[in-house]
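Note sheet for the following structure.
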Amino acid sequence: MPDLLPPAPEADDSSIRPSAAAGWSEWLEADDDRGVRPQRTDDTDDFENDELSRDLHAEDPMAPLVEEARRRALLMRRRRQLLTRAALMAALVAVLAMVGAGAWLFTPTETPTAAPPSTPPEARSAAPTPAADAQANNWCRESVTPERVVSSGPGDTSTPTGVILRLEHAWYVQRDPVAVRSVIAPDARVAPESATREAISAIPAGTRHCVTLTALPADRWLVAVDERHPDGTQVAWQQVITTAQRDGRVLVTAIVESGGQ
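Going by full-length UniProt numbering, the residue at position 141 of the sequence shown is 141; the numbering climbs one at a time, nothing skipped.
In structure tokens form, the structure reads like this:
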């Protein structure tokens, strides 16, 4: 789950506009270097989109999650396009090689010789090696200590670590925005359910996750999440999550970037 930022303090447009657009501009400039120039809409649409983005940041600690998910979806789409082009080039090279080999085989020679009888290759069944099995099992080995927890399980609602694990499990395994919100404090402002669903959809289905929780002061936890996508892509990120006891339940009350801790 990408970083979920708390409501930003009110500020004038001159202090908000440059920081909100900096990451997006850098990504656009990177695409320009590759020869891909994005299409721009009119200035009115840009202004309205900027205003909507600032409103979400001001009102919703989960808004950055949606923006980050969209950015990652675009990057993944571009990566898939590059992989597709590379595969097409490889196929073209293979076809040319086959054509060349065929031309060489059918070129007449002075002393033709009989080709030896062909023997079909022995079929081999692909079986995972012990090393591969061990690596898969050790990738997210369950570990629980008072100061550190490692797990990809469903968690619970009675402990701070259990609630955080349940939040991540709802995000990656259940892919359910309602389940995600069920562990967030009711007084926290949240984006519409459709925005949360869109952010979850940006993560490829079947993505595996592993959560490492490290205790911090004041009911805070440093949360490190490792993602493994079905195509082999690996993503790692960190954030700080604060929990509190509310009406006999432990709930998430704040989610911020891990830079300040």
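Virtual Cβ for every residue (Gly too), placed ideally from N, Cα, C.
Near T159, which residues of its chain fall below 8 Å by C-beta distance, leaving aside the five closest residues on each side in sequence? The count along the sequence shown starts at 1 and reaches residue 159 at position 159. Residues V250 of the same chain have their beta carbon placed closer than 8 Å to that of T159, with the five preceding and five following residues left out of the count.
Compute the Euclidean distance between the alpha carbons of V149 and T214, then round it to the nearest angstrom. On the sequence shown, position 149 is the one that residue 149 refers to. On the sequence shown, position 214 is the one that residue 214 refers to. Put simply, the backbone Cα of V149 is about 7 Å away from that of T214.
Does the beta-carbon distance from R166 to V183 come in below 8 Å? Taking the first residue of the sequence shown as 1, we reach residue 166 at position 166. Taking the first residue of the sequence shown as 1, we reach residue 183 at position 183. The Cβ-Cβ distance between R166 and V183 falls below 8 Å.
Beta-carbon contacts of E142 that lie in its chain and below 6 Å, excluding the five residues immediately before and after: For the purposes of this step, residue 142 is taken as residue 142 along the sequence shown, with counting starting at 1. Beyond the five residues adjoining it in sequence on each side, E142 comes within less than 6 Å, by CB distance, of S151 in the same chain, given in chain order.
Using only alpha-carbon positions, find the residue among T157, L216, P177 that is nearest to P146. In the sequence shown, counting from the first residue as 1, residue 146 sits at position 146. Considering only T157, L216, P177, the residue with the shortest C-alpha distance to P146 is L216.
Compute the distance between the beta-carbons of D226 and T243, then report whether it is under 8 Å. As a first step, residue 226 must be located in the sequence shown, where it is residue number 226. As a first step, residue 243 must be located in the sequence shown, where it is residue number 243. With a cutoff of 8 Å on beta-carbon distance, D226 and T243 are scored as not near each other.
Identity of the residues DSSP links to W221 by a beta bridge: On the sequence shown, residue 221 is found 221 positions in, with the first residue counted as 1. According to DSSP, W221 bridges with A215, I241.
What is the DSSP secondary structure of V183, counted as helix, strand or coil? Here residue 183 refers to the residue found at position 183 when the sequence shown is read from its first residue. In the three-state scheme derived from DSSP, where H, G and I count as helix and E and B as strand, V183 is classed as coil.
Take G153 and list the residues in its own chain whose beta-carbon comes closer than 8 Å to its own, dropping the five residues that flank it on each side. For the purposes of this step, residue 153 is identified with residue 153 of the sequence shown, where counting begins at 1. E142, L165, H169, listed in sequence order.
Tell me D226's beta-bridge partners as DSSP assigns them. Within the sequence shown, numbered from 1, the residue matching residue 226 stands at position 226. BP columns for D226 point to C210, A236.
Could you check if A68 is buried or exposed, using at least 16 other CB atoms within 10 Å of its CB as the buried criterion? By 1-based counting over the sequence shown, the position of residue 68 is 68. Reading off the sequence shown, one finds Glu at residue 68, where the question assumed Ala. With 16 or more other Cβ atoms within 10 Å, it is buried.
Alpha carbon to alpha carbon, how far is H229 from C210? Give it in angstroms, no decimals. For the purposes of this step, residue 210 is identified with residue 210 of the sequence shown, where counting begins at 1. For the purposes of this step, residue 229 is identified with residue 229 of the sequence shown, where counting begins at 1. Those two C-alpha atoms are separated by around 12 Å.
Please report how far the alpha carbon of residue 263 lies from the alpha carbon of T233, in whole angstroms. The question about residue 263 has no answer, for the chain in this structure spans 1 to 261.
The alpha helix (DSSP H) spanning S194 covers which residue range? As a position in the sequence shown, residue 194 is number 194, starting the count at 1. Note, S194: alpha helix (DSSP H), 193–201.
Per DSSP, the bridge partner or partners of V150: In the sequence shown, counting from the first residue as 1, residue 150 sits at position 150. Under DSSP, V150 takes part in a beta bridge, and its partners are S143, T212.
What separation, rounded to the nearest whole angstrom, lies between the Cα atoms of G162 and D231? In the sequence shown, residue 162 corresponds to position 162, counting from 1. In the sequence shown, residue 231 corresponds to position 231, counting from 1. Computed Cα separation, rounded: 29 Å.
Contact set for R72: own chain, Cβ-Cβ below 7 Å, skip 5 residues either direction: Here residue 72 is taken as the residue at index 72 of the sequence shown, counted from 1. Cβ-Cβ distances below 7 Å link R72 to A202 in the same chain, with the five nearest sequence neighbours on each side left out; the list follows chain order.
Cα-Cα separation between T84 and A205, rounded to whole angstroms: The residue you call residue 84 lines up with position 84 of the sequence shown. The residue you call residue 205 lines up with position 205 of the sequence shown. Distance from the CA atom of T84 to the CA atom of A205, rounded to whole angstroms, is 20 Å.
Can you tell me where the alpha helix (DSSP H) holding residue 293 begins and where it ends? Residue numbering for the chain in the displayed model covers 1 to 261; residue 293 lies beyond these limits and cannot be assessed.
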